[in-house]
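According to our numbering, the sequence shown is numbered sequentially starting from 368.
Where a beta carbon is used, it is the ideal one built from N, C-alpha and C, also for glycine.
Remember, predicted model here, so these are calculated numbers, not experimental data.
Scroll down for the structure; my scribbles are underneath it.
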Amino acid sequence: MCKPLLTWSLTGATARMCQFLDYHRLSRLKSESGPLLQRKIVLFWSTYVLDRSNALRLGRPPAIQDRDIDSPMLSDENPPALVALVKFWVDTGCVQGKICNSLYGPAAKSLSSDARAATAEAFADELDQIHQRRLKTNAAMFDRQASIPAADLLVSGESVRHFGALTMALSAIPLNHPRSSRALETARKCLQVNRENSKTHMKSNNVYAWTVYCQWVLLDAPLTPFTGVFCNVIANPESSQEDLQLLEDFVASLQPAVPLSEGVEKFHQLCSIFVNVARAYVRAKAQQRHANERSDDYDFSQALQPAIGEFDELSAALGFFGPDFTASQDLSMGSEPGTYFSDGLNPSIAEPAIKPSLLDWQSGNVSLYGLLEQDLNDIACGNLGERQGNN
C-alpha cells in the first residue's frame, strides 16, 4: 500500500494468474473440496478485494469483472469471524467496482445530472446497508467490555474505509445538484472518525499497531475525503477553520508512524504539503481582508505578496489548479470567496473554472497517489509557516 502504482501492477499480475488458474470459477470444480479449495477461495477473494480497493483509489477499472466470477464464498467450516470479514470485504468491493465503472468510467459521460446523482446515491445507500450489517456482526462478535485495542482499531478502521468509499460515490454528484453537499459532509465524517481513532488508540502507546492501521487503512482508503475538505477550505477561506483543523489533525495522526514506515512518511509529507497550501491561502485571504479595512491610499499588494507567492509556488508545484491559476490574480481582483469557481458557485467540494488536475486524476489519467512514488523534497514547504508567521 506504500507504493500504490507498484501495488496496482502486482495486484493485476495476481488477478491474471487467478484467472489463468480458473480461481474465479471455482464453483465448476465439482470434484474438489476440503481445505485446499477453501485456501483457493480465500486467495481469490483476497485478490478481488485488493483489486477493487486499488481501482477505486487510483481511478482505474477493476482487473476482475463481476460478470466473469463464478466462485463460492467461504464455507461455514471456517471460523465465523473470518467468514464475516471476507463477506464484508467482498460486498464492499462489489460496490466499489460499480462506482469505478458506472460513475467514473466512460459510460458516466452519457448520464444526465439527475441520473448521475441517483446512481451515486444508490451506491451510497448500498454501502450504508453493508456497513450497518457489519456493525451488527461486530456487536455480536466482540464483547465491548472485554475487547482488546487491536480489535477496536480494526473495527474503527472499517468505518474509515466505509466513509472513504462513500465519499467517492457521493463526489460523483454534479456540483450544481441540490444534494451535492452530501459529499463534503461524508468527507468530514471520514476525517472525524480517523481523528477519534487516533485519540482513542494512541492512549495505549502501541505505535506498531497504529503503523499497521496507517498502512492498511489510511493508505488503502481513497484520498478523496482529504482533498475534498481541502477544496472546501480553498473555496471558503473565511469560514473554514474547522475544516482546516480536520486536515491538520489528519496529518498529525500520521506522525507517530512516520519513523517506522517509509510509505507513511511519504504520505505524511504529501498531506503536509496540502495543509501548507491551505494555510497559505487562508492566511493570504485574511491579510487581504485586513488590508481592505485600512485607508484607500494604503498599498497592500506588496504586503500580501509573500503570502500570495508562497501559495502560488506550492499549488504550482502540486499541479493542483492548473498552469493558469494564481492566487495573485484572484486576490488582486478583490473577489469574494469562491467567485473564481465555475458558474459563480460556492460549492461544497469546489471545482475551479480552471479545472484542477485532481479531476483528471480521478478519471484515471494521473493518480494523486502517484506522487507518493515521486520526490517531494523539491516542493518548498518546510519553512512556510515560519515565513508566513513573520509577515
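Report task. My understanding is that Gln463 touches Leu521, with C-beta atoms under 8 Å, so please give their C-beta distance in whole angstroms. Result -> Position 96 of the sequence shown, counting from 1, holds the residue named residue 463. Position 154 of the sequence shown, counting from 1, holds the residue named residue 521. Not a contact, Cβ separation roughly 19 Å.
Requested in this report: With a 10 Å radius around its C-beta and 16 neighbouring C-beta atoms as the bar for buried, classify Met535 as buried or exposed.
Outcome: Position 168 of the sequence shown holds residue 535. It counts as buried.
Query raised in the report: Helix, strand or coil: how does DSSP classify Gly426 here?
Result: Locating residue 426 in the sequence shown gives position 59, counting from the first residue. Here Gly426 sits in coil by DSSP.
**Report entry** Boundaries (first-last residue) of the alpha helix (DSSP H) holding Gly464
**Finding:** The residue labelled residue 464 in the question sits at position 97 within the sequence shown. Start and end: Pro447 to Lys465.
Query raised in the report: Rounded to the nearest angstrom, how far is the Cβ of Val649 from that of Ser607, given a contact under 8 Å?
Result: The count along the sequence shown starts at 1 and reaches residue 649 at position 282. The count along the sequence shown starts at 1 and reaches residue 607 at position 240. About 7 Å separates the two Cβ atoms, so the contact holds.
Query raised in the report: Who are the Cβ neighbours of Trp577 in its own chain at under 7 Å, not counting the five residues just before and after it?
Result: Taking the first residue of the sequence shown as position 1, residue 577 is located at position 210. When the five nearest sequence neighbours on each side are left out, the beta carbons in the same chain lying within less than 7 Å of the beta carbon of Trp577 are those of His568, Met569, Pro623 and Ala624, in order along the chain.
Query raised in the report: Under three-state DSSP, which class holds Ser476?
Result: Reading the sequence shown from its first residue, position 109 is the one you call residue 476. Checking the sequence, you will find Lys at residue 476 rather than Ser. Residue state, collapsed to three classes: helix.
Report task. Could you check which residue in Leu417, Asn599, Cys467 and Ile436 has the C-alpha nearest to that of Trp583? Result -> For the purposes of this step, residue 583 is identified with residue 216 of the sequence shown, where counting begins at 1. Minimum Cα distance to Trp583 is reached at Leu417.
Query raised in the report: If you draw a straight line from the C-alpha of Ala653 to the C-alpha of Arg646, how long is it?
Result: Here residue 653 refers to the residue found at position 286 when the sequence shown is read from its first residue. Here residue 646 refers to the residue found at position 279 when the sequence shown is read from its first residue. Cα to Cα, the separation comes out at about 10 Å.
Query raised in the report: Roughly how far, in whole angstroms, is the beta-carbon of Glu605 from the beta-carbon of Val642, given that I think they are within contact range, below 8 Å?
Result: Within the sequence shown, residue 605 is the residue found at index 238, counting from 1. Within the sequence shown, residue 642 is the residue found at index 275, counting from 1. That pair is no contact at about 18 Å.
Report task. Enumerate in chain order the residues of its own chain whose CB-to-CB distance from Tyr415 is below 7 Å, with the five nearest sequence positions on each side excluded. Result -> Counting from 1 along the sequence shown, the entry for residue 415 is found at position 48. Setting aside the 5 residues that flank it on each side, Tyr415 is surrounded in the same chain by Ile431, Val457 and Gly460, each with a C-beta closer than 7 Å to its C-beta; the list follows chain order.
Report task. With a threshold of 16 other CB atoms inside 10 Å of the CB of Arg501, please say whether the residue is buried or exposed. Result -> Here the question's residue 501 lines up with position 134 in the sequence shown. The residue in question, Arg501, is buried, as its Cβ has 16 or more Cβ neighbours within 10 Å.
Query - Where Asp389 falls: helix, strand or coil (DSSP) - result: As a position in the sequence shown, residue 389 is number 22, starting the count at 1. Residue state, collapsed to three classes: coil.
Query raised in the report: Are at least three pairs of beta-carbons, each pair with one atom in the stretch 441 to 450 and one in the stretch 481 to 495, less than 8 Å apart?
Result: no
**Report entry** Separation of His529 from Gln499, as counted between CA atoms
**Finding:** Counting from one through the sequence shown, the residue named residue 499 turns up at place 132. Counting from one through the sequence shown, the residue named residue 529 turns up at place 162. In a straight line, the C-alpha of Gln499 is about 10 Å away from that of His529.
Query raised in the report: Between the beta-carbon of Ala554 and the beta-carbon of Pro592, is there less than 7 Å?
Result: Sequence index remark: in the sequence shown, residue 554 carries index 187 (1-based). Sequence index remark: in the sequence shown, residue 592 carries index 225 (1-based). Yes, Cβ-Cβ distance for Ala554 and Pro592 is below 7 Å.
Requested in this report: On a CA-only basis, which of Ser639, Thr594 and Tyr390 is nearest Met440? Give me that one, please.
Outcome: Position 73 of the sequence shown, counted from the start, is the residue given in the question as residue 440. Among Ser639, Thr594 and Tyr390, the Cα nearest to that of Met440 is on Tyr390.
Query raised in the report: Skipping 5 residues on each side, what residues in its chain have a beta carbon closer than 8 Å to that of Leu494?
Result: As a first step, residue 494 must be located in the sequence shown, where it is residue number 127. Closer than 8 Å at Cβ, skipping near neighbours: Thr459, Val462, His529, Ala532, Leu533 and Ala536.
**Report entry** First and last residue of the uninterrupted alpha helix (DSSP H) at Gly401
**Finding:** Here residue 401 corresponds to residue number 34 of the sequence shown, with the count starting at 1. Where Gly401 is concerned, there is no enclosing alpha helix (DSSP H), given that its DSSP letter is neither H nor E.
Query - Coil, strand or helix - Asp435 by DSSP - result: Within the sequence shown, residue 435 is the residue found at index 68, counting from 1. Note: Asp435 maps to helix in three-state DSSP.
Report task. Report the residue from Val644, Ile408, Leu586 and Ile640 whose alpha carbon sits nearest the alpha carbon of Gly630. Result -> To locate residue 630, count along the sequence shown from 1; it is residue 263. When only C-alpha atoms are compared, the closest one is Leu586.
Query raised in the report: According to DSSP, is Tyr471 helix, strand or coil?
Result: Locating residue 471 in the sequence shown gives position 104, where the first residue counts as 1. Coil.
Report task. May I have the straight-line CA-CA distance separating Glu609 from Asp433, to the nearest angstrom? Result -> The residue you call residue 609 lines up with position 242 of the sequence shown. The residue you call residue 433 lines up with position 66 of the sequence shown. So the two alpha carbons sit approximately 41 Å from each other.
Query - Selected residue, minimal CA-CA separation from Leu410, among Asp437, Leu396, Arg427 and Ala382 - result: Taking the sequence shown and counting its residues from 1, the one referred to as residue 410 is at position 43. Comparing Cα-Cα distances from Leu410 to each of Asp437, Leu396, Arg427 and Ala382, the minimum goes to Ala382.
Requested in this report: Could you check if Lys633 is buried or exposed, using at least 16 other CB atoms within 10 Å of its CB as the buried criterion?
Outcome: Walking along the sequence shown from the start, residue 633 turns up at place 266. Buried: at least 16 other Cβ atoms inside 10 Å.
Requested in this report: Starting from the C-beta of Thr378, find all residues in its chain whose C-beta is less than 8 Å away, skip the five residues before and the five after it, and write them out in chain order.
Outcome: The residue labelled residue 378 in the question sits at position 11 within the sequence shown. Result list for Thr378: Thr414, Leu417, Asp418, Asn421 and Ala430, in chain order.
Query - Ala550 (DSSP reduced to helix, strand or coil) - result: Looking up residue 550 in the sequence shown gives position 183. Helix, per DSSP.
**Report entry** Within 7 Å, strictly: CB atoms of Ser394 and Ser438
**Finding:** Within the sequence shown, residue 394 is the residue found at index 27, counting from 1. Within the sequence shown, residue 438 is the residue found at index 71, counting from 1. Yes, they are a contact pair.
Query - Presumed contact (8 Å Cβ cut-off) between Ser565 and Ser480, rounded CB distance - result: Reading the sequence shown from its first residue, position 198 is the one you call residue 565. Reading the sequence shown from its first residue, position 113 is the one you call residue 480. Rounded, the Cβ-Cβ distance is 37 Å, inconsistent with contact.
Query - Proximity of Leu454 and Phe490 at Cβ, strictly below 7 Å - result: Numbered from 1 along the sequence shown, position 87 holds the residue referred to as residue 454. Numbered from 1 along the sequence shown, position 123 holds the residue referred to as residue 490. The residue you asked about is not Leu; residue 454 is Lys in the sequence shown. For Lys454 and Phe490, no; Cβs fall outside 7 Å.
Query raised in the report: DSSP state of Ile540, grouped into three classes?
Result: Working through the sequence shown from its first residue, we reach residue 540 at position 173. Coil at Ile540, not helix or strand.
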